[in-house]
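Residue numbers for the sequence shown follow our numbering, so the first one is 309 and each next one is one higher.
No residue lacks a Cβ here, since even glycine has one placed at the ideal position from N, Cα and C.
Okay, so here's the structure we're looking at.
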Amino acid sequence: MMQHNSKADRCSSFQLIISKYPVYGYQQPNGSWTGLIGELQRQEVDFAGTLFAVTPERLGILDFSEALYFDEYNTLYILPDVTADMVSFMKPYSLLIQRNRAQFIYCLYTSI
Numbered sequence: 309m310m311q312h313n314s315k316a317d318r319c320s321s322f323q324l325i326i327s328k329y330p331v332y333g334y335q336q337p338n339g340s341w342t343g344l345i346g347e348l349q350r351q352e353v354d355f356a357g358t359l360f361a362v363t364p365e366r367l368g369i370l371d372f373s374e375a376l377y378f379d380e381y382n383t384l385y386i387l388p389d390v391t392a393d394m395v396s397f398m399k400p401y402s403l404l405i406q407r408n409r410a411q412f413i414y415c416l417y418t419s420i
């Protein structure tokens, strides 16, 4: 059996609660909040492990901690060329098929 000797060990227990509110929350006309922010305002929970956008309204009732993690997603792509291309119908095919079609078209027009 493991014994806890330090005061920190004896006082550091927590209970993970899954919120019954699937939204961050918004302020109602009477000043109360809904959602996760409402749970914090009513002191039903001590802290929330999610990202809240820092707004002036939320700063009035919440104590924000320093950000622990940031992630950023970027997407890079090349804009397609929208100029007309007379042979664009052949581009999905392999080079061998393109060459054979070009030879066929050349032979067809030169034999006329």
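Nearest-angstrom Cα separation, counted from residue j out to residue i
{"i": "GLY343", "j": "SER402", "result": "57 angstroms"}
{"i": "ASN338", "j": "PRO388", "result": "52 angstroms"}
{"i": "GLY333", "j": "THR383", "result": "30 angstroms"}
{"i": "PHE360", "j": "ILE386", "result": "34 angstroms"}
{"i": "ASP379", "j": "THR358", "result": "14 angstroms"}
{"i": "TYR417", "j": "ARG407", "result": "15 angstroms"}
{"i": "LEU376", "j": "GLN323", "result": "21 angstroms"}
Endpoints, alpha helix (DSSP H) assigned at residue i
{"i": "GLN406", "result": "403-418"}
{"i": "GLU365", "result": "364-367"}
With 16 other Cβ atoms within 10 Å as the buried cut-off, status of residue i
{"i": "GLU347", "result": "buried"}
{"i": "ILE345", "result": "buried"}
C-beta atoms of residue i and residue j nearer than 7 angstroms
{"i": "GLN349", "j": "ILE369", "result": "yes"}
{"i": "GLU365", "j": "GLN336", "result": "no"}
{"i": "VAL362", "j": "PHE355", "result": "no"}
Completely contained alpha helix (DSSP H) runs for the region 334-361, where each covers 4 or more residues: Fully enclosed alpha helix (DSSP H) runs of 4 or longer: 343-349.
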